[in-house]
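In my numbering, the protein residues as written are 26 to 872. All C-beta atoms in this analysis are idealised placements derived from N, C-alpha and C, irrespective of residue type, glycine included. The structure appears below as structure tokens.
Dropping the structure here:
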């Protein structure tokens, strides 16, 4: 049974005047702890994680933290067992290996040189675990054993079914159809005639297919095939959503010619030819493994049927690709999916495929085992400890572990890695992986050894996350965009609250647009897997920092303790154990515990910084929620705001409202006891079916002055302008116009234009010469666009330090092209959106 099964385990700490206990119980994905002074019932806290594996990892980290603080599990000896003494540096095995490598190599690698300088600083070594205690894959791995290759079973004459269809996921088709549209005021017949009379660029053709009336576009699409294979991506998704299978021949031609450029557009399509292509790309193109895996997940049953003939065919190359794809489908969807597909070809084919799937997954190896770099050597790395932390893998076994990591692919880990994670201490394994990663970086991040980055997703922890995120943000500026995107995948795969919080942070704050967009896509993928929107996931990632329900925590100095927390303005406070307030947390003294006190002092310093950063982020999110009309169910509001030890301080400084559609039903605030109170300070009960949002002053109407008086009486300082927020409206003339003339021809510093991004505006994709000629703000059903003259130069804001506002108008999409103007009018904007847009433009143009 799992070591952290449902049975509760107990740890105790006795010393320095303290007698405390701490108990942990894990049931499925829920971790429950109970703690307090020995002899009392203590307090209970429960936390539900995203998965059983995440709960297990979380529990192990909590246990490790307690044991570092001196807690010992009930029933263990009270005195620590003696540890092996560290060997002298001159005879230490690791030092000797590293020193020998460096001295015999006239040009030692940076990783080896770095290891030499740090070997003496390594923690004391523990004993190597005997081989008879290790699993087979670490003692006699399949790549070290000669095996007879079974003669492949070849069945000729099998043909995949002539099957072709489209599979959309949720509202994917609508999203693709709304992705981009080219507005043209007439002239489509002329464009079609030009199309028929000569060779047109690919981007012009796809734009026509995506945007022209269907009676014009469909006949042209049917038989047209391109002579070039680049351009038109911004319109391809819309073309596919409009014409589905009629667009497949064109998309398939493009994908086969430039798979890395076009393969992702095959996602909704199934065809036996696509299945063969995806199988080939799965084994041949590292950059498309994720795309191919996602395609097989979507079309698993049909793909299994289609690939059986190739998996049993005579062509060795096609056979290998098909076998790999079938094994992937079996691993992710189950053997029965593949076997059901094989049965359609008869009992002989079914038995042959059954034999293929019966192969031990540990014996499924790449056609050619990789050659590891010199830095990928256990002699240069920290010991890989087993779960008891009293023994470790030998250098030989650790090198076999490195090979298992090296043959793993994103989304397709070698099964031996799961064995490794089962027997190794998670913290030690994460450190081992990080050391490999650092050696890879020191070697110049060679692409062929990029597994050192990608395997962090399988073996990394929250410390990995904290160290990796700054690198992800910096890599695009060092020509490392692909590395940064791989780093995002690592964060998503680690999947802890800390990892997803940092992934969401990149999605919101990355200064490189490509990275920011990919992070937003990744967070949306994770949210979708959890059945949430990206915003709902972000709600659930707000950390509680270990604070109790009342927003405080106790810091242990040994003989004395302090209660720390945050007031309604999120300013930190410190109190003695008897409740007396202090100016600040005192520095550890001579009488304090020399281990506990410095750690507690350091923790509080970090806590203040983290809370300050998180509070600023959440205040921005709540202001955006008010502006955009975000709504929560009552249950979500109670869980995410009222019960949150940090967010409730922000929430109680705002006016909230229950809504019936777009209409405000009842405005209320959070009272000091976390109940609801109306403007008359009377207690309020809300029905469980209502939706809750931050009230915009326009919604409060005549009640606005009364609410302002309530907040003044209670001396409540709002986290952002709400009750005192300026409101704006279009003039009667502007409501009938399709251009906002009052701001035309005003010159604005380029830096101020760029600053609009903090309000949710998006800069245009670079056009000719790297110029971004417009900036846009999403509004319901479209976007407000500001055309700029001369435009923002990518990476060189100082080239044009001033921009002239050329035009402001409303479009269906965030597209500022000349031919698209005058599509819609400002009367379509709701009052709140209109007020906020005008406020942002007024602030922009006011000197």
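Leaving out the 5 sequence neighbours to the left and right, which residues in its chain are closer than 6 Å to residue 858 when beta-carbon positions are compared?
804
What does a CB cutoff of less than 7 Å around residue 616 pick up in its chain, not counting 5 residues either side in sequence?
584
Output needed for residue 130: all residues of its chain with C-beta closer than 6 Å, excluding positions within five of it in sequence on either side, in chain order.
Only weak support exists for where residue 130 lies, its pLDDT of 42 falling under 50; the coordinates are left without a value.
Limits of the alpha helix (DSSP H) - the one that residue 82 falls within
77-93
Report the residue from 696, 632, 188 whose alpha carbon sits nearest the alpha carbon of residue 596.
632
Taking C-beta to C-beta, are residue 582 and residue 635 nearer than 8 Å?
no
Our contact map puts residue 750 next to residue 722 with C-beta atoms below 8 Å; I'd like the distance itself, whole angstroms only.
5 Å
Start and end of the alpha helix (DSSP H) containing residue 634?
621-653
Tell me, to the nearest whole angstrom, how far the beta carbon of residue 89 is from that of residue 520; I am working on the premise that it is less than 8 Å.
Rounded, the Cβ-Cβ distance is 19 Å, inconsistent with contact.
Could you tell me whether the segment 768-776 touches the segment 830-840, using the rule of 3 or more Cβ pairs below 8 Å?
yes
Pick from 733, 695, 732, 730 that is closest to residue 717, judged by C-alpha positions:
695
Per DSSP, the bridge partner or partners of residue 801:
787, 810
With 16 other Cβ atoms within 10 Å as the buried cut-off, status of residue 613:
buried
Distance between beta carbons of residue 569 and residue 669, contact taken as under 8 Å:
7 Å
At which residue ranges does the segment 202-290 contain complete alpha helix (DSSP H) runs of 4 or more residues, listed in the order of the chain?
213-222, 227-236, 239-248, 258-268, 273-282, 284-287
Residue 536, buried or exposed, once every other Cβ within 10 Å from all chains shown has been counted against 16:
exposed
Closest to residue 671 by C-alpha separation, out of 375, 866, 863, 594, would be which residue?
594
Check each candidate in 70, 673, 408 and name the one with the smallest Cα separation from residue 450.
408
Run of the beta strand (DSSP E) containing residue 590, from where it starts to where it stops:
586-591
Going by Cα to Cα distance, which pick from 821, 824, 827, 755 is closest to residue 851?
755
Where the beta strand (DSSP E) containing residue 601 begins and where it ends:
597-601
Neighbourhood of residue 527 by C-beta distance below 7 Å, restricted to the same chain and skipping five residues each side
490, 494, 516
With a Cβ-Cβ cutoff of 8 Å, do residue 752 and residue 720 count as a contact?
no
Taking the alpha-carbon of residue 324 as reference, which of 354, 338, 541, 275 has the nearest alpha-carbon?
354
Residues near residue 514 by beta carbon distance below 8 Å, same chain, minus five either side:
315, 435, 479, 482, 547
With DSSP collapsed to three states, give me the class of residue 191.
strand
Short of 6 Å in beta carbon distance, which residues of its chain neighbour residue 801, apart from the five on each side in sequence? Order them along the chain.
787, 808, 810, 839
Between the segment 327-345 and the segment 295-303, can you find at least three pairs of beta-carbon atoms closer than 8 Å?
yes
Buried or exposed for residue 459, please, with buried defined as at least 16 other CB atoms from any protein chain shown within 10 angstroms of its CB.
buried
Note down, in chain order, each residue of its chain lying with its Cβ closer than 8 Å to the Cβ of residue 76, except the 5 sequence neighbours on either side.
54, 520
Use the C-beta contact count for residue 604: other C-beta atoms within 10 angstroms, 16 or more gives buried, fewer gives exposed.
exposed
What's the C-alpha gap between residue 281 and residue 243?
23 Å
Look at the alpha carbon of residue 183 and the alpha carbon of residue 365, and state the distance between them as a whole number of angstroms.
16 Å
The segment 231-245 in contact with the segment 184-200 per 3-pair CB rule at 8 Å:
no
Do residue 579 and residue 588 have their C-beta atoms within less than 8 Å of each other?
yes
May I ask you to list the residues that DSSP assigns as paired with residue 708?
702
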